[in-house]
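Student: Here it is: the structure, laid out below.
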């Protein structure tokens, strides 16, 4: 403690994030090489392809579908499959990571999902009682400009398969109303089991 006078440096524990700094620099360098005009052009191509494929999936609803001029993000939900089950199945069966939930957009989500005051009150009352089962949400798919058309087609094909088979595949999962999440039946249900599961060799 006596050999460093700067309090911020003295109290900053651990190894500096060298690798993180290098990755950030490489990401900035890639962005500069691609340039924002080309990034925007590629995002539009991916958005057009995503819209054309997702709109054909029965029971799939894109949020704010009238807004085509957007960043490379599409949020949607399926009529017949819970949004968090979709995210779990995309991850477990296809290796695709998306975000499920309200994406920190609760008020806008009320508007998009037509949640009125009465329903909102019912949802929050249940949440306060520890039951998140009524909490609505959607699936957020982010499109990166280096993504290929084939990769996007793989993703949309996976979503289509889940729209057809999701509830059947969902039988392999346990729903927890306290977290509004789905866990595979092989996943432990208690803390000790989870710790052991994490550290299995």
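Residue numbers (our numbering): 1302 to 1502. A virtual CB, placed ideally from N, CA and C, is assigned to each residue, including glycine.
#1: Answer yes or no: do residue 1315 and residue 1347 have a C-beta to C-beta separation smaller than 7 Å?
#2: For the beta strand (DSSP E) containing residue 1379, name the first residue and the last one.
#3: Output the residue ranges of the alpha helix (DSSP H) runs that lie fully inside the stretch 1331-1364 and measure 4 residues or longer, sorted by chain position.
#4: So residue 1439 and residue 1377 are supposed to be a Cβ contact under 8 Å. How far apart are they, rounded?
#5: For residue 1418, name the three-state secondary structure that DSSP assigns.
#6: Buried or exposed for residue 1445, please, with buried defined as at least 16 other CB atoms from any protein chain shown within 10 angstroms of its CB.
#7: Considering only residues of the same chain and omitting the five flanking positions on each side of residue 1395, which have a CB-CB separation below 6 Å?
#8: In this structure, does DSSP put residue 1477 in helix, strand or coil?
#9: What number of angstroms, rounded off, separates the C-alpha of residue 1477 from the C-alpha of residue 1428?
#10: Does the pairing of the stretch 1395-1412 with the stretch 1354-1363 give three or more beta-carbon distances under 8 Å?
#11: Are the C-beta of residue 1438 and some C-beta of chain C separated by less than 7 Å?
#12: Does the stretch 1448-1468 come into contact with the stretch 1387-1402, if we say contact requires no fewer than three beta-carbon pairs (one atom in each stretch) closer than 8 Å?
#13: From 1387, 1481, 1468, pick the residue whose C-alpha is nearest to that of residue 1432; which is it?
#14: Whole beta strand (DSSP E) runs in the stretch 1403-1472 with 3 or more residues, listed along the chain?
#15: Does DSSP put residue 1493 in a helix, in a strand, or in coil?
#16: Considering only C-alpha positions, which residue in the set 1448, 1387, 1322 is nearest to residue 1343?
#17: Which one of 1443, 1349, 1387, 1425 has the shortest CA to CA distance from residue 1407?
#18: Would you kindly check if the distance between the Cβ of residue 1351 and the Cβ of residue 1323 is under 7 Å?
#19: Let me know if residue 1320 comes out buried or exposed under the rule of 16 or more other beta-carbons within 10 Å of its beta-carbon.
Tutor: To lay it out plainly:
#1: The answer is no: Cβ separation not under 7 Å.
#2: Where residue 1379 is concerned, the enclosing beta strand (DSSP E) stretches over 1374-1379.
#3: Within the stretch 1331-1364, the complete alpha helix (DSSP H) segments at least 4 residues long are 1337-1355, listed from N- to C-terminus.
#4: Residue 1439 to residue 1377, Cβ: 6 Å. Contact.
#5: Helix.
#6: Classified as exposed, residue 1445 has fewer than 16 neighbouring CB atoms from the shown chains inside 10 Å of its CB.
#7: Correct list, in chain order: 1459.
#8: DSSP places residue 1477 in strand when its eight states are reduced to three.
#9: Residue 1428 has its alpha-carbon roughly 13 Å from the corresponding atom of residue 1477.
#10: In short, these stretches do not touch, since the Cβ pair count stays below three.
#11: No chain C appears in this structure, which consists of one protein chain only.
#12: Look at the beta carbons and you see the stretch 1448-1468 touching the stretch 1387-1402: at least three pairs across the two are nearer than 8 Å.
#13: Among 1387, 1481, 1468, the Cα nearest to that of residue 1432 belongs to 1481.
#14: Secondary structure remark: continuous beta strand (DSSP E) runs of at least 3 residues inside the stretch 1403-1472, in chain order: 1439-1443.
#15: Reduced to three states, the DSSP call for residue 1493 is helix.
#16: Between residue 1343 and the set 1448, 1387, 1322, the nearest pair of CA atoms involves 1448.
#17: If we check each option's Cα against that of residue 1407, 1425 comes out closest.
#18: Taking 7 Å as the cut-off, the Cβ atoms of residue 1323 and residue 1351 do not count as close.
#19: Label assigned to residue 1320: exposed.
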